[in-house]
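Number of protein chains: 2
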Amino acid sequence: MGKQGEKMQSEVLAVLCRHRGPLSAYAVLEELRQSNPKIAPTTIYRALTALTERGRVHRLESLKAFIACQCDRHQHASILSICGDCGAVEESIAPDLLKELSGIAGKSGFAPMRHVIEIHGLCVSCGTGEGAA
Amino acid sequence: MGKQGEKMQSEVLAVLCRHRGPLSAYAVLEELRQSNPKIAPTTIYRALTALTERGRVHRLESLKAFIACQCDRHQHASILSICGDCGAVEESIAPDLLKELSGIAGKSGFAPMRHVIEIHGLCVSCGTGEGAA
DNA sequence: TGTGTTACGTTATATTATAACGTAAGAAAG
DNA sequence: CTTTCTTACGTTATAATATAACGTAACACA
Numbered sequence: 008m009g010k011q012g013e014k015m016q017s018e019v020l021a022v023l024c025r026h027r028g029p030l031s032a033y034a035v036l037e038e039l040r041q042s043n044p045k046i047a048p049t050t051i052y053r054a055l056t057a058l059t060e061r062g063r064v065h066r067l068e069s070l071k072a073f074i075a076c077q078c079d080r081h082q083h084a085s086i087l088s089i090c091g092d093c094g095a096v097e098e099s100i101a102p103d104l105l106k107e108l109s110g111i112a113g114k115s116g117f118a119p120m121r122h123v124i125e126i127h128g129l130c131v132s133c134g135t136g137e138g139a140a
Numbered sequence: 008m009g010k011q012g013e014k015m016q017s018e019v020l021a022v023l024c025r026h027r028g029p030l031s032a033y034a035v036l037e038e039l040r041q042s043n044p045k046i047a048p049t050t051i052y053r054a055l056t057a058l059t060e061r062g063r064v065h066r067l068e069s070l071k072a073f074i075a076c077q078c079d080r081h082q083h084a085s086i087l088s089i090c091g092d093c094g095a096v097e098e099s100i101a102p103d104l105l106k107e108l109s110g111i112a113g114k115s116g117f118a119p120m121r122h123v124i125e126i127h128g129l130c131v132s133c134g135t136g137e138g139a140a
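So the sequence lines, in the order shown, correspond to chains A and B. Residue numbers for the first sequence, in the working numbering: 8 to 140. Residue numbers for the second sequence, in the working numbering: 8 to 140.
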């Protein structure tokens with residue numbers, strides 16, 4: 008590490024970590040603009056792309072949002088459970104299941120490279136009949 | 008069936024079926040505008056939403072695109088394999104795997120309602136070293 | 001200190017998606 | 001058949017998300 012681009016990436020990551028939930032790229036932008044008003048979307052997207060490639064951040068495709076990786080040192084293919092009520096996101100890992108999934112997709116010769124697995128539903132707090140949040 | 012909204016939905020579905028691959032909402036719009044220049048994005052999105060709810064169309068979240076459901080009479084939770092080279096999308100169903108997935112997400116009390124499973128990789132034609140386009 | 005690479009700043013624009021509101025078409029009841 | 005209700009549509013406008021292009025500055029490495 009210590010390469011170029013570290014600074015912006017760590018600032019973006021810090022913002023995502025402070026909020027414990029998903030943020031849109033523009034929400035991150037807003038926040039960083041408070042200390043540096045000149046930042047442009049491009050810069051944020053660059054940092055987010057790099058962080059995503061490094062596995063430090065996940066992109067929630069179905070929400071158009073980003074969240075800091077909740078697992079230590081996890082590189083690929085997490086399962087993201089998204090509460091439709093309070094917005095909480097929980098991350099799970101299941102290597103066996105990923106293998107199965109790859110097997111199913113691969114049965115016709117398909118070679119999997121990246122998995123997007125997002126589950127929308129209700130978290131335990133919201134599902135029991137109480138509005139949490 | 009036979010309810011209101013059928014016509015627009017069937018036109019949109021027809022477009023998606025003609026192309027065998029994913030199309031953006033605006034691509035569908037372009038195409039339908041050739042016969043009816045006055046159509047607006049709103050209309051297309053309305054139809055796409057309805058079709059998606061009815062399970063006739065899948066939204067590829069990670070591509071911001073839509074594709075006609077390839078299975079007969081399939082309502083929910085397909086596995087979509089997306090070739091990053093030629094763009095082909097193949098649909099699989101694996102109820103067992105979905106149950107497992109729900110189980111994993113649900114281990115902390117999460118109640119799954121909708122699954123988004125998209126696998127990016129290379130299809131058999133593109134993976135063997137030949138550009139199949 | 002020179003040289004190459006990489007991310008950044010900046011500007012502009014493309015792409016995707018929704019809000020709001022009046023209207024017209026179709027369904028259901030009388 | 002006509003009234004009434006619902007629902008999707010047309011229309012306008014705009015919001016939200018994302019990328020292109022290009023010059024520059026910072027850093028790495030020799």
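Don't be surprised by glycine CBs; every beta carbon is placed ideally from N, CA and C. Note that this is a predicted model, so its numbers are computed, not measured.
Put simply, the backbone Cα of A34(B) is about 11 Å away from that of V19(B).
Only exposed fits G116(A), as fewer than 16 other CB atoms lie within 10 angstroms of its CB.
By the neighbour-count criterion, in which 16 or more other beta carbons inside 10 Å mark a residue as buried, G128(A) falls on the buried side. The beta strand (DSSP E) runs lying completely inside the stretch 90-131 of chain B and spanning 3 residues or more are 96-99 and 118-129, given in chain order.
One thing to note: V22(B) has its Cβ no nearer than 8 Å to the Cβ of L67(B). Residue burial is scored here from C-beta neighbours: A72(B) has at least 16 other C-beta atoms within 10 angstroms and is therefore classed as buried. The stretch 43-56 of chain A makes no contact with the stretch 87-104 of chain A: fewer than 3 CB pairs, one atom from each, lie closer than 8 Å.
R66(A): member of the beta strand (DSSP E) spanning V64 to L67, first to last residue. In the structure shown, S42(A) adopts coil according to DSSP, grouped into three states. S31(B) carries a coil assignment under DSSP once its states are collapsed to helix, strand and coil. The three-state secondary structure of A21(B), taken from DSSP, is helix. Here L70(A) carries a coil assignment [DSSP, helix/strand/coil]. Across the set P119(B), K114(B) and I86(B), the C-alpha of I86(B) shows the shortest separation from the C-alpha of E107(A).
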